[in-house]
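Residue numbers (the working numbering), protein chains in the order written: chain A, 108 to 218; chain B, -11 to 103. Accompanying notes for the structure given below.
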């Protein structure tokens, strides 16, 4: 069974700080996605990484896929209160057809 | 486009009752799926469908049934509700099945409480 472990589960920081969220597995994934979810809503896709070692940037967010395609990280620079939410990583299982989610990281950015 | 719609938004059931959670999408997506979200457990796949007439089980299918008679609709049925099925349920759709990197579009969720 492929599993994705996210850390930390909870993160509370002040506006302007930097942070990194990790998504780790012992299995290889063909692609990894990062979603953001706000209270009372469904998750929304932020990015997909496909190639080992790939780095993608979305404004102040930097996403990296590990060389071995077993892990990924999300780095936020100068966090803002609008970044508050639940961040979820998700990997496509090797047999196809299923998306496996990590437990999520709940981020709170205080002004 | 309305995207992915789910009804109802909230539901309270008594143990043993049955109900159907509705999900519809207007994006002509082939792939649809149902997840449940519980605190600290992320999203867990219940059932999914790669096209009309084709369904398959996910990680936690017990106690749930699905069918896919049209491309647009993918209802989730609880035959005999149990307190362990108290959760938030999300329906999602995408152009194709993962992989590769097809974006999943999620509905707003149904919050179900079973007493």
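Each residue gets a CB set at the ideal place from its N, CA and C atoms; glycine is no exception. Here the structure is a predicted model, which is why all the values come from computation and not from measurement.
Buried or exposed: where does residue 34(B) fall if 16 or more other Cβ atoms within 10 Å of its Cβ makes it buried? Position 46 of the second chain, counted from the first residue, corresponds to residue 34(B). Buried, because 16 or more other Cβ atoms sit within 10 Å of the Cβ of residue 34(B).
Is residue 73(B) helix, strand or coil when you go by DSSP? Within the second chain, residue 73(B) is the residue found at index 85, counting from 1. In the structure shown, residue 73(B) falls within a helical segment according to DSSP collapsed to helix, strand and coil.
For residue 111(A) versus residue 183(A), is the C-beta distance shorter than 8 Å? In the first chain, counting from the first residue as 1, residue 111(A) sits at position 4. In the first chain, counting from the first residue as 1, residue 183(A) sits at position 76. Result no, Cβ atoms of residue 111(A) and residue 183(A) do not sit closer than 8 Å.
Just reading off the beta strand (DSSP E) that residue 67(B) is part of, what are its end residues? Start at 1 with the first residue of the second chain, and residue 67(B) comes out as number 79. Neither: residue 67(B) is in no beta strand (DSSP E) and is coded neither H nor E.
Compute the Euclidean distance between the alpha carbons of residue 5(B) and residue 215(A), then round it to the nearest angstrom. Within the second chain, residue 5(B) is the residue found at index 17, counting from 1. Within the first chain, residue 215(A) is the residue found at index 108, counting from 1. In a straight line, the C-alpha of residue 5(B) is about 38 Å away from that of residue 215(A).
What is the C-beta distance between residue 70(B) and residue 3(B), in whole angstroms, given that I count them as a contact (C-beta under 8 Å)? Stepping through the second chain from its first residue, residue 70(B) is reached at position 82. Stepping through the second chain from its first residue, residue 3(B) is reached at position 15. For a cut-off of 8 Å, the C-beta gap from residue 70(B) to residue 3(B) is around 6 Å, short enough to register as a contact.
So, using beta-carbon positions, are residue 97(B) and residue 210(A) closer together than 8 Å? As a first step, residue 97(B) must be located in the second chain, where it is residue number 109. As a first step, residue 210(A) must be located in the first chain, where it is residue number 103. It is not a contact, given that the beta carbons lie outside the stated cut-off.
Kindly indicate if chain A contains any beta-carbon less than 8 Å away from that of residue 97(B). Start at 1 with the first residue of the second chain, and residue 97(B) comes out as number 109. By this cut-off, residue 97(B) is an interface position.
If you draw a straight line from the C-alpha of residue 218(A) to the C-alpha of residue 146(A), how long is it? On the first chain, position 111 is the one that residue 218(A) refers to. On the first chain, position 39 is the one that residue 146(A) refers to. Rounded to whole angstroms, the separation of the alpha carbons of residue 146(A) and residue 218(A) is 19 Å.
Confirm, please, whether the CB-CB distance from residue 175(A) to residue 135(A) is below 8 Å. For the purposes of this step, residue 135(A) is taken as the residue at position 28 of the first chain. For the purposes of this step, residue 175(A) is taken as the residue at position 68 of the first chain. Yes, Cβ-Cβ distance for residue 135(A) and residue 175(A) is below 8 Å.
Once the 5 residues before and after residue 121(A) are set aside, which same chain residues still bring their CB inside 7 Å of it? For this step, residue 121(A) is matched to residue 14 along the first chain. Taken in chain order, the residues that qualify are 217.
As assigned by DSSP and simplified to three states, the class of residue 61(B): Here residue 61(B) refers to the residue found at position 73 when the second chain is read from its first residue. Strand at residue 61(B).
Residues of chain B with CB closer than 9 Å to the CB of residue 205(A), please, in chain order. Along the first chain, one-based indexing puts residue 205(A) at 98. What residue 205(A) touches in chain B: 21, 33, 36, 44, 46, 47, 85, 86.
List the endpoints of the continuous beta strand (DSSP E) containing residue 20(B). Numbered from 1 along the second chain, position 32 holds the residue referred to as residue 20(B). Looking at the DSSP string, the run of the beta strand (DSSP E) that includes residue 20(B) is 19 to 25.
Minimum C-alpha distance to residue 205(A) - residue among 139(A), 168(A), 117(A): Here residue 205(A) is taken as the residue at index 98 of the first chain, counted from 1. Per the Cα distances, 139(A).
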